[in-house]
Amino acid sequence: MSELETRKPQWWKSKDVKITGALWVVLSALIAYIGGEVNSRPMGAPASETMANTIHIMKLFTWVSAPVAGLVAAIAIKALMQKLHFGDNPPAEANHQISESPKATALWVIVSAVLCLFALVFGMVVLQKDNNALLDANATNIKVTGQQWVWNFDYVDNGNFQSEDLYLPVNKPVHFHVSSLDVIHSFWIVQMGIKVDANPGYVTDAAVVPNKIGVYDLRCAELCGLLHAYMQKKVHVVSQADYNSWITSHGGKI
Ligand SMILES: [Cu+2]
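Be aware that the sequence shown starts at 875, since it is given in the numbering used here, and climbs by one per residue.
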């Protein structure tokens, strides 16, 4: 056997690898753009730092994982293209150099593990930061009770007055004590990035600092029965003065 025949071909120079590489670049960019940019737009501009952080972490994780998803999609598409043949001629024998390479396997496992660890640690740090508002002694306490198919709010610090409307003072931490009277609901203020389950017989805590005056969306995020889709309400974030006058005009105390 001549030297030329025994020498392994350089796999990175093959046409298949080049096509897969090109597909990888295009698909990664597409996934990063759709997942990171287009995806968060329907939720609107953030109305709290929690939501701004959530959008930031969503984008970051999408960008980091886009090349992995892009590579899997590129290999899948290339493999499907490879099997296209006509007539009685079988397709050429595949080149197993990459799939049988221990180096490639090790690289794949290490990169996946590092990405998972990054997501885990980063996620836990952000979660801890978001929970700090819970510890704020100056927070406004509001009891939230879900039931088929309405939300009720009990303004604990304002003479326990109750309302079906949710008004919040701007730039002040709010501590929600969330529960349910019947089935499991989920208390979700879309633009503030908080979503917690409302369980019957159990109180779950959530906290946020609304940082923009405006009207936002409150939805039930847990399928809870026939009229689940209508279990929604507007959240009004107002100035402290407007909040005080809304409370007093509805029989509450400041
Ligand atoms: Cu519900």
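C-beta: ideal position from N, C-alpha, C; glycine also.
Ligand 1 has no heavy atom closer than 8 Å to the beta-carbon of C990.
I1068 and K887 have their C-alpha atoms spaced approximately 50 Å apart.
Note on geometry: alpha-carbon atoms of D962 and G895 lie some 30 Å from one another.
The continuous alpha helix (DSSP H) containing A950 extends over residues 923-956. Short of 7 Å from the beta carbon of M932, and not among the five residues preceding or following it, lie these beta carbons of its own chain, in chain order: S914.
D1091 places its beta carbon 9 Å or farther from that of I1058. Put simply, the region 1092-1099 touches the region 1018-1030. At least three CB pairs are less than 8 Å apart. At a Cβ-Cβ threshold of 9 Å, P1047 and V1083 count as neighbours. Rounded to whole angstroms, the gap between the alpha carbons of A948 and W898 is 5 Å. DSSP, read as helix, strand or coil, puts I1121 in helix. By the CB criterion at 9 Å, A950 and S902 fall outside the cutoff. With fewer than 16 other CB atoms across the displayed protein chains lying within 10 angstroms of its CB, I908 is exposed.
Here N1015 carries a strand assignment [DSSP, helix/strand/coil]. Taking C-beta atoms as the reference points, A1080 and H1049 count as a pair closer than 9 Å.
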